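Engineer:
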């Protein structure tokens, strides 16, 4: 079983880190895809992106450490979900405005 | 007279660049102060910050090139204003949610 990864609590999330995590085209694509999939989430490898596995891992770590996504182990995989509730409470309107922005 | 500086047109503004420009505590302070001053704007040197002049110039350039602020020459000074109209049209709710975030 894959080990659990650390996540910031809601009160530890910082706007600068969230904005930095979202300020990248690959990470925005990951976030948009996770928003589309909702609470169910997605196995990390299932979102098609033109990047290597280690680059994907790097981007997912930045999103997780900023508090944008949650990753839970499921068997040998990790399932990512968007921390929509936390972000909507902390920064109402932020995620919606970014998800609505032109690609 | 100080020369005019280049600015992206509204259609050239990109969400990744805007988020990157805002993902920094010093630049967030500049943006919050410019939001407080409104259309009148502020001479670049008038916002108190614990940074050197060249660091301030660097941060203002990132904000200007991303389309977050407008800088116009006025005599020997440059006056900065937040491009609130452009950002509110492109990303409704984005700026408000960031300005409302805890410091």
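Chains as they are written, first to last, in our numbering: chain H, 902 to 1004; chain E, 902 to 1004. The C-beta atom is built at its ideal place from N, Cα and C for all residues, glycine as well. Note that the structure is predicted; figures quoted are calculated from it, not measured.
Mind the definition here: the segment 953-972 of chain E touches the segment 907-925 of chain E only if three or more C-beta pairs lie below 8 Å; say whether that holds.
Structural biologist: yes
Engineer: Starting from residue 974/H, follow the alpha helix (DSSP H) in both directions and report where the run begins and ends.
Structural biologist: Taken as a continuous stretch (DSSP letters only), residue 974/H belongs to no alpha helix (DSSP H), being part of the beta strand (DSSP E) at 970-975.
Engineer: How would you list, in chain order, the residues of chain E whose beta-carbon sits under 7 Å from the beta-carbon of residue 926/H?
Structural biologist: Simply 917.
Engineer: Can you check whether the CB of residue 982/H is closer than 8 Å to the CB of residue 942/H?
Structural biologist: yes
Engineer: Who are residue 979/H's beta bridge partners in DSSP?
Structural biologist: In the DSSP assignment, residue 979/H forms a beta bridge with 974/H.
Engineer: Under a CB-based cut-off of 8 Å, is residue 929/H close to chain E?
Structural biologist: yes
Engineer: According to DSSP, residue 944/E sits in a beta bridge with which residue or residues?
Structural biologist: 980/E
Engineer: Should residue 998/H be labelled buried (16 or more other beta-carbon atoms within 10 Å of its own) or exposed?
Structural biologist: buried
Engineer: I'd like the list of long-range same chain contacts for residue 940/E, defined as Cβ closer than 7 Å, with 5 residues on each side in sequence excluded.
Structural biologist: 982
Engineer: Could you compute how far the alpha carbon of residue 974/H sits from the alpha carbon of residue 926/H?
Structural biologist: 26 Å
Engineer: Any contact of the segment 916-932 of chain H with the segment 918-934 of chain E, i.e. 3+ C-beta pairs under 8 Å?
Structural biologist: yes
Engineer: Would you kindly report the start and end of the unbroken alpha helix (DSSP H) that includes residue 915/E?
Structural biologist: Neither: residue 915/E is in no alpha helix (DSSP H) and is coded neither H nor E.
Engineer: Nearest to residue 950/E by alpha carbon, out of 993/E, 931/E, 991/E and 977/E?
Structural biologist: 931/E
Engineer: Using the beta-carbon count (16 or more within 10 Å), is residue 1002/H buried or exposed?
Structural biologist: buried
Engineer: Go through its chain and collect everything with a Cβ distance to residue 988/E's Cβ below 6 Å, but skip five positions before and after it.
Structural biologist: The residues are 996.
Engineer: Mind listing the chain E neighbours of residue 994/H? Cutoff is C-beta to C-beta under 7 Å, in chain order.
Structural biologist: 994, 997 and 998
Engineer: Start and end of the alpha helix (DSSP H) containing residue 925/E?
Structural biologist: Careful: residue 925/E lies outside any alpha helix (DSSP H) and carries neither H nor E.
Engineer: Scan the segment 938-966 of chain H for residues whose Cβ lies nearer than 7 Å to a Cβ of chain E and list them as they occur along the chain.
Structural biologist: So nothing in the stretch comes that close.
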